[in-house]
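Below is one structure, written out as structure tokens, with a few remarks after it.
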Amino acid sequence: MSKVLGMGNALVDILTKMEDDELLQRLNFPKGSMQLVDAETSSKVLEHISHLKTEQASGGSAANTIHGLSCLGIQTGFLGKVGNDELGEFFKKDMSSNNIEPKLLTSENESGKAIALISPDSERTFATFLGAAVELSPDDIVEDLFHGYTHFHIEGYLVYNQPLIEKALKCAKEAKLIVSLDLASFNVVEDNHAFLKDMVAKYVDILFANEEEAKAFTKKEEKEALDIMAKDCNIAVLKLGSKGSIIKHFETTFEVGVIPANSIDTTGAGDLYAAGFLYGLLNFLPIDKCGQIGALLSGNVIEVVGPKMEDDRWNKIHSELEKLKN
1 MSKVLGMGNA LVDILTKMED DELLQRLNFP KGSMQLVDAE TSSKVLEHIS HLKTEQASGG
61 SAANTIHGLS CLGIQTGFLG KVGNDELGEF FKKDMSSNNI EPKLLTSENE SGKAIALISP
121 DSERTFATFL GAAVELSPDD IVEDLFHGYT HFHIEGYLVY NQPLIEKALK CAKEAKLIVS
181 LDLASFNVVE DNHAFLKDMV AKYVDILFAN EEEAKAFTKK EEKEALDIMA KDCNIAVLKL
241 GSKGSIIKHF ETTFEVGVIP ANSIDTTGAG DLYAAGFLYG LLNFLPIDKC GQIGALLSGN
301 VIEVVGPKME DDRWNKIHSE LEKLKN
């Protein structure tokens, strides 16, 4: 039976909807980016949004994908590091209560958090304090962690610790797992371009990117970008937001549309697309169907605040899945 291990920054998302983008300008955060911040800046951002309503959810790109897969009935586990604090406990409980095997290490430092600043047009900008999450080290990665799993999904945000991501990818391939990588953010790709190109060529089977990430990775756009991405892996997936997605599997290209949706927050859209796509692959569905399931999940998650969906919505997704499978 297929079983997916995810690895990423174990973060608690703190989500808030802004009235306008003035705060982004004040903080000098490029809209739509992921900004790494220190504890002091993180506290400052929280002060700026203290008058706004906030919601909390366990997050991090790979954790969101793993959560989505678990909600679809796939066996999953998650590897990360949290602090010995309230947020760390919240993260652990959220994993366990969603049937995700928590392979979580603990630090004496505080847990990481990602403050998601949601613009009126639903675009989100992250101020991320990595905290304990960044302390995951190559020494923590041992081959035993991968036993019993068939697939390994990893987020590009980990690339700031290059020895860690390289060891994890190497161990996963040595354990004969199928490896998927989500490039995570355009500025992450720009900062680590040569290293990421090398890792994809050596270890990655399935590569996910959005338009900005693909452009940063290939210096090209849309189909040209997809062609370059696909040279180094078996399946390349380019997510185009409201324009759908294009997927290349060896020499064949598929175009997939979107479902009608009332977008209020794009947090988790790419992560849930990856969950849907991987679910299709794990069930041996055709590549275009995998993309359609990705579109189904991403189209639903943008209608809620944050990367998590309520049971009623998941029930509807399961009903739609049965139609897609036939």
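By full-length UniProt numbering, the letter at position 109 of the sequence shown is numbered 109, and the numbering carries on one by one without gaps. Backbone N, C-alpha and C define an ideal beta-carbon position, used for all residues, glycine too.
Minimum C-alpha distance to Met34 - residue among Ser97, His51, Phe129 and Val237 = On the sequence shown, position 34 is the one that residue 34 refers to. When each option's Cα is compared against that of Met34, the closest is Phe129.
key: Inter-residue spacing [alpha-carbon to alpha-carbon] between Leu136 and Glu303   = Within the sequence shown, the letter at position 136 stands for residue 136. Within the sequence shown, the letter at position 303 stands for residue 303. Rounded to whole angstroms, the gap between the alpha carbons of Leu136 and Glu303 is 33 angstroms.
task = Select from Glu101, Asp21 and Gly8 the residue whose C-alpha is nearest the C-alpha of His48.
result = Residue mapping note: residue 48 aligns to position 48 of the sequence shown, counting from 1. For the residues Glu101, Asp21 and Gly8, the minimum Cα distance to His48 belongs to Asp21.
message = Could you compute how far the alpha carbon of Ile165 sits from the alpha carbon of Pro138?
response = By 1-based counting over the sequence shown, the position of residue 165 is 165. By 1-based counting over the sequence shown, the position of residue 138 is 138. Their backbone Cα atoms lie some 8 angstroms apart in a straight line.
ask   = What whole-angstrom Cβ distance do Ile100 and Ile66 have, given they're in contact under 8 angstroms?
value = Mapped onto the sequence shown, residue 100 falls at position 100. Mapped onto the sequence shown, residue 66 falls at position 66. With a beta-carbon spacing of about 6 angstroms, Ile100 and Ile66 fall inside the 8 angstroms limit used to define contacts.
Neighbourhood of Val305 by C-beta, 8 angstroms cutoff - its chain only, sequence neighbours within 5 removed = As a position in the sequence shown, residue 305 is number 305, starting the count at 1. Only Leu15, Lys17, Glu55, Ile118, Ile264, Asp265 and Thr267 meet the Cβ criterion.
task = Look at the Cβ atom of Phe250, then the Cβ atom of Phe208, and state whether they are nearer than 9 angstroms.
result = If you number the sequence shown from 1, residue 250 lands on position 250. If you number the sequence shown from 1, residue 208 lands on position 208. No, these two residues do not count as a Cβ contact at 9 angstroms.
contact_flag[the stretch 60-78, the stretch 276-295] where n(CB pairs < 8 angstroms) is 3 or more = By the criterion of at least three beta-carbon pairs nearer than 8 angstroms, the stretch 60-78 is in contact with the stretch 276-295.
task = Would you verify that the beta carbon of Asp205 is, or is not, closer than 9 angstroms to some beta carbon of chain C?
result = Looking for chain C here will not work: only one protein chain is present.
query = Helix, strand or coil: which one does DSSP assign to Lys44?
reply = As a working note, residue 44 is residue 44 in the sequence shown. Residue state for Lys44 is assigned as helix, using DSSP reduced to three classes.
ask   = Helix, strand or coil: how does DSSP classify Asn210 here?
value = The residue given as residue 210 occupies position 210 in the sequence shown. In the structure shown, Asn210 falls within a strand segment according to DSSP collapsed to helix, strand and coil.
request  = For the stretch 283-297 and the stretch 75-93, state whether three or more C-beta atom pairs, one from each stretch, are separated by less than 8 angstroms.
outcome  = Taking 8 angstroms as the limit for Cβ pairs, the verdict is that the stretch 75-93 does not touch the stretch 283-297.
ask   = To which residues does DSSP link Thr128 through a beta bridge?
value = Numbered from its first residue, the sequence shown carries residue 128 at position 128. Leu36 and Ala114, per the DSSP bridge assignment.
request  = Tell me whether Glu251 sits in a helix, a strand or coil according to DSSP, three-state version.
outcome  = Here residue 251 is taken as the residue at index 251 of the sequence shown, counted from 1. Coil at Glu251, not helix or strand.
Per DSSP, the bridge partner or partners of Asp13 = The residue given as residue 13 occupies position 13 in the sequence shown. Looking at the DSSP assignment, Asp13 forms a beta bridge with Ala57 and Ala114.
query = Do the stretch 162-181 and the stretch 36-48 meet, that is, are 3 or more Cβ pairs less than 8 angstroms apart?
reply = Contact between the stretch 162-181 and the stretch 36-48 is absent, because fewer than three Cβ pairs lie under 8 angstroms.
inquiry  = Rounded to the nearest angstrom, what separates Leu87 and His193 at their Cα positions?
reply    = Numbered from 1 along the sequence shown, position 87 holds the residue referred to as residue 87. Numbered from 1 along the sequence shown, position 193 holds the residue referred to as residue 193. Taking the straight line from one Cα to the other gives about 32 angstroms.
key: Residue environment, Phe195, which counts as buried when at least 16 other CB atoms sit within 10 Å   = Translated into positions along the sequence shown, residue 195 becomes position 195. By the beta-carbon neighbour count (other beta carbons within 10 angstroms, threshold 16), Phe195 is exposed.
ask   = Looking at the unbroken alpha helix (DSSP H) that takes in Val189, where does it start and where does it end?
value = Taking the first residue of the sequence shown as position 1, residue 189 is located at position 189. For Val189, the enclosing alpha helix (DSSP H) covers residues Phe186 to Asp191.
ask   = Does the beta-carbon distance from Met7 to Ala225 come in below 9 angstroms?
value = Mapped onto the sequence shown, residue 7 falls at position 7. Mapped onto the sequence shown, residue 225 falls at position 225. Not closer than 9 angstroms, so no.
Alpha-carbon to alpha-carbon, Leu297 and Phe91 = Residue numbering aside, residue 91 sits at position 91 when the sequence shown is read from its first letter. Residue numbering aside, residue 297 sits at position 297 when the sequence shown is read from its first letter. When rounded, the distance between both Cα atoms is 22 angstroms.
query = What are the boundary residues of the beta strand (DSSP E) that includes Val142?
reply = Your numbering for residue 142 matches position 142 in the sequence shown. Element bounds for Val142: n/a, residue is neither H nor E.
inquiry  = On the DSSP letters alone, give me the boundaries of the beta strand (DSSP E) that Ile235 sits inside.
reply    = For this step, residue 235 is matched to residue 235 along the sequence shown. Per DSSP, Ile235 belongs to the beta strand (DSSP E) from Ile235 to Lys239.
request  = Look at the alpha carbon of Glu222 and the alpha carbon of Leu321, and state the distance between them as a whole number of angstroms.
outcome  = Residue 222 sits at position 222 when you count from the first residue of the sequence shown. Residue 321 sits at position 321 when you count from the first residue of the sequence shown. For Glu222 and Leu321, the distance between alpha carbons rounds to 28 angstroms.
key: Rounded C-alpha distance that separates His51 from Gly156   = One-based indexing of the sequence shown puts residue 51 at position 51. One-based indexing of the sequence shown puts residue 156 at position 156. Distance between the alpha carbons of His51 and Gly156 is about 33 angstroms.
request  = For Ala216, count neighbouring C-beta atoms within 10 Å of its own C-beta (all shown protein chains included) and say buried if the count is 16 or more, exposed if not.
outcome  = As a first step, residue 216 is located in the sequence shown; it is residue number 216 there, counting from the start. Using a 10 angstroms sphere on the CB of Ala216, the tally of other CB atoms reaches 16 or more, which defines it as buried.
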